[in-house]
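Under the working numbering, the letters of the sequence shown match residues 72 to 322, in that order.
Just so it is clear, CB atoms sit at the ideal spot from N, CA and C, and this is done for glycine as well.
Please read these numbers as outputs of a predicted model, since none were measured by experiment.
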Amino acid sequence: SGVYVTFVIGVVSLNIDSPANRVRFNLVSQPYSSEEEDTLKHKSVQSRPTFQKITPASYQNWLSQPFNKNQVHRYQSFLKNQDLQSVVPEFELFQTARDWQNCHASEYEIPPQEIWNNIVPTLNILKELINDNVIDDFTVTSVYRNSALNRCAKGADSSRHVFNAALDFRIGPEQPIPEELTMIQQTKTNLCQFWVKNGDRLNMGLGVYASGQIHIDSAGYRTWGPDHKSTSSLCITQLLSIRNDKGNLDE
Numbered sequence: 072s073g074v075y076v077t078f079v080i081g082v083v084s085l086n087i088d089s090p091a092n093r094v095r096f097n098l099v100s101q102p103y104s105s106e107e108e109d110t111l112k113h114k115s116v117q118s119r120p121t122f123q124k125i126t127p128a129s130y131q132n133w134l135s136q137p138f139n140k141n142q143v144h145r146y147q148s149f150l151k152n153q154d155l156q157s158v159v160p161e162f163e164l165f166q167t168a169r170d171w172q173n174c175h176a177s178e179y180e181i182p183p184q185e186i187w188n189n190i191v192p193t194l195n196i197l198k199e200l201i202n203d204n205v206i207d208d209f210t211v212t213s214v215y216r217n218s219a220l221n222r223c224a225k226g227a228d229s230s231r232h233v234f235n236a237a238l239d240f241r242i243g244p245e246q247p248i249p250e251e252l253t254m255i256q257q258t259k260t261n262l263c264q265f266w267v268k269n270g271d272r273l274n275m276g277l278g279v280y281a282s283g284q285i286h287i288d289s290a291g292y293r294t295w296g297p298d299h300k301s302t303s304s305l306c307i308t309q310l311l312s313i314r315n316d317k318g319n320l321d322e
């Protein structure tokens, strides 16, 4: 069985709930030919959440300022030269911190040009995670933070966000249901497996938090969990297991 959706012209927000199936997504729909409409009418929505990201009005307003628009164009040109222009939606790439309102800061900010290069290795890690199907349903929530915002958001003084070398993303929706929690946990496991296998090569830092928030950077092969210590990271269990297996084989 499935949930059937008919598309109309305009912006549509749907939240479909049933005991076994819950789907959240936003859609910008457009006119379809009769043939396309017949096809869509018979296309069921799968139980796994699907997100069609729409540029927020807040970003459009911020981008309407000439200085911001010019800087975004230059930054995107820089990323295009690195083949990284489409890894993260533009409006997510410039997100500062989830606490931006409480800190009386801007929701979006472009890092100083002298630190643009710092994000390249981290975006390459994210690109590899996507290409290897380690992550798919995710939302970037924080990239560059200026020092004042970072302090207000309780970030460490040495946070890689201040240097435009880290990004945070959320797996799944902000308020997941039980079925989605299973997907989130599996994605965390997949992330750890990727980190164990590729982290040293990529100089990858991985923070895994209980909420579903993930931190990645390229400032060293390390991992940590909810208390910001390596011992609380579920990735350590996997790493020790692999090393123990290797030790047993060597014996």
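Separation of residue j from residue i, as counted between CA atoms
| i | j | result |
| --- | --- | --- |
| Asp271 | Gly291 | 8 angstroms |
| Pro312 | Gln264 | In the sequence as presented, Pro is not what sits at residue 312; that position holds Ser. Between Ser312 and Gln264, the C-alpha separation is close to 11 angstroms. |
| Val158 | Ser177 | 23 angstroms |
| Ala237 | Gln257 | 23 angstroms |
| Ser148 | Asn195 | 16 angstroms |
| Asp154 | Thr253 | 33 angstroms |
| Val191 | Pro247 | 31 angstroms |
| Ser213 | Glu180 | 10 angstroms |
| Thr260 | Asn274 | 19 angstroms |
| Pro127 | Ala168 | 16 angstroms |
| Thr210 | Gln123 | 11 angstroms |
| Ser304 | Pro137 | 44 angstroms |
| Ile125 | Lys225 | 29 angstroms |
Buried or exposed (CB count within 10 angstroms, at least 16 for buried), residue i
| i | result |
| --- | --- |
| Phe235 | At residue 235 the sequence reads Asn, which differs from the Phe that was named. Buried: at least 16 other Cβ atoms inside 10 Å. |
| Glu251 | buried |
| Glu245 | exposed |
| Asp207 | exposed |
| Thr193 | buried |
| Ser289 | buried |
| Ile32 | Absent from the model: residue 32. The displayed extent of the chain is 72 to 322, so no value can be given. |
| Arg231 | buried |
Contacts around residue i, its chain only, beta-carbon distance under 8 angstroms, and the 5 residues preceding and following it disregarded
| i | result |
| --- | --- |
| Ser301 | Arg293, Thr294, Trp295, Ile307 |
| Arg222 | Asp228 |
Paired residues, beta bridge with residue i - DSSP
| i | result |
| --- | --- |
| Trp295 | Gly278 |
| Phe240 | Val211, Ile285 |
| Tyr179 | Gln166 |
Nonlocal neighbours in the same chain, by C-beta distance under 7 angstroms from residue i, ignoring five residues either side
| i | result |
| --- | --- |
| Ser282 | none |
| Ser218 | Val233 |
Residue closest to residue i, alpha-carbon to alpha-carbon, out of the options
| i | options | result |
| --- | --- | --- |
| Leu262 | Leu200, Gln131, Gln166, His232 | Leu200 |
| Asn189 | Pro160, Gln131, Cys174, Ile287 | Ile287 |
| Tyr130 | Arg145, Phe162, Ile242, Tyr280 | Phe162 |
| Gln309 | Trp266, Leu134, Tyr280 | Trp266 |
Chain-order list of residues whose beta-carbon lies under 6 angstroms from that of residue i (same chain, five-residue window excluded)
| i | result |
| --- | --- |
| Gly278 | His286, Trp295 |
| Leu197 | Val158 |
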